[in-house]
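With my numbering applied, the sequence shown closes on residue 330, and no number is skipped along the way. Think of the CB as a built atom: it goes at the ideal place given N, C-alpha and C, for glycine as much as any other residue. From a predicted model like this one, the values you see are computed outputs, not experimental measurements.
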Amino acid sequence: MRRGSIIQLTAIGLVAGAICTAVALAIPWLPVAGGQEAGRIHFVYWFTTVIAICVFSVVTAVLVYSVWKFRAGPDDDSDGPPTHGHTQLEIVWTAIPAVLVTAISIVSAIVLAQNGHAGTNPLVIKVEARQFAWKFTYPNGTSFGTLTLPQGRHVKLDITADDVIHSFWVPQLSQKQDAVPGQHNFIVITPTHIATYPVVCTELCGLGHALMRSQVDILAPADYEKWVAQGGTASSGPPGLAVFQQNGCAGCHTFKPALATGNVGPNLDNLAQEAKQANRGALDAFIKESIVKPQAYIAPGFTDAMPHTFGTQIPPDKLQQLVQYLAKGA
Ligand SMILES: [Cu+2]
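Written out as C-alpha cells, the structure is:
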C-alpha cells in the first residue's frame, strides 16, 4: 500500500472519530450518577462507547476511501477482478473484535458483581409495587409512599409486587429491578449525592402506569437519623399530616398545608368547591369516599389512577384524621 493511501485512510478515520466523539461528549446522554453503582454502570457505558467509536472510525475510513478511490466510471459495466480471500486479514478482523468483546464482558461482569455487593450492614427496605403506587417499609415497620435514604450507606431493596409485574427504577441511581408478585428481587444502591430523584415504574402495568411515580429523598446521615427519630415525618403539625405523608398522597396531589406539589391527581386545595361540583353529599363524606373508593367518582379531566387500596390500608382512626385534615385545608 502506498504511503499516501495510508495517510488518506488515517485522515478519514480521524475525522470520523472526532465527529463521533463530539456527539458522544456534547450531548448529555446519561443523567448524573447519584450513586456508587450508577458511577460503575456509567463507566461500562463509556468503556463500550470508546471501543464503538474506534471500530466506527476504522470501518468509516475503509468505506469512504473505497467509495472515493475505487468508484467505477459511468460507462464501466465490467466485472471486478476475481479476488480470493485474504487469510491474514480475516484472522486480524476476527481476533480484534473477539478481544474487544471479551474485554467488555469482563468489565461488565466485574461491575455486576460489585453492584450486587451490599456489605455487612446494609439498610434493608421492603419495596412493594401495586397499581399504581409504591410502598416503602423500613426495618422498624413504618411505611411510606416515598423513599428516604441516607447518603453513603449501602441500601438493599427487597422488591415485590401485590398485583401485576412492575419495575423499580431511579434513573440517577441506574440500578433497575422487576417487581414480581410472589417473588423477592434485590438490588443494592449506595447514594452519593444529597438530592431528590424520581422513582419510576418501568414496566407497563395498566392504565395508570405513566402516573406510577414517587420520589427518593437522599439526606445527609445526620439528617436521616433525625428523620428516623421523628418517625419519618415532620415532628410537629396536625395528626392528619403524618397520615398524608405516610401514604404517599403528596406524590400525586398538590396540597398547600402539607407543602405537597404532586400533579397526577386534582389539587386538594379546592376540595370544598370540588365537593359542591361533584354533588355527592357533605364535604367530609365526599373526601372519605374519594379516598376509600376513588372509582365511585372520577374528578373531571382525570383517570381512575388513584390506588383503590387505601380503604383497607389506612386504619379507621387515621382515616378520620386524614379526612378532617383535608376538610380543614379546603
Ligand atoms: Cu407499575
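Our two residues, leucine 322 and glycine 251, have alpha carbons roughly 16 Å apart in a direct line. Here alanine 258 is actually not in contact with leucine 283; their C-beta atoms are around 18 Å apart, not less than 8 Å.
Among the bridge pairs identified by DSSP, glycine 35 is matched with Pro191. Leucine 173 is not a Cβ neighbour of proline 198, given a cutoff of 8 Å. The beta carbon of valine 228 is closer than 6 Å to none in its chain, skipping five residues each way along the sequence. Here DSSP, grouped into helix, strand and coil, assigns serine 167 to strand. No Cβ-Cβ contact shorter than 8 Å links asparagine 247 with phenylalanine 168.
The beta carbon of aspartate 178 is closer than 7 Å to those of Ile165, Ser167, Asn185, Glu203 in its chain, skipping five residues each way along the sequence. Here tryptophan 29 carries a coil assignment [DSSP, helix/strand/coil]. At a cut-off of 7 Å, the beta-carbon of phenylalanine 136 does not count as near ligand 1: no heavy atom of the ligand is closer than that. Judged by beta-carbon spacing, alanine 299 lies within the 8 Å limit of glutamate 274, meaning their Cβ atoms are closer than that value.
For the pair glutamate 128 and asparagine 140, the Cα-to-Cα distance works out to about 16 Å. Taking the Cα positions, histidine 42 is about 44 Å away from proline 315. A straight-line Cα-Cα distance of about 9 Å links threonine 48 and alanine 103.
Secondary structure at leucine 123: strand, using DSSP grouped into helix, strand and coil. Straight through space, the alpha carbons of glycine 206 and phenylalanine 302 are spaced by roughly 15 Å.
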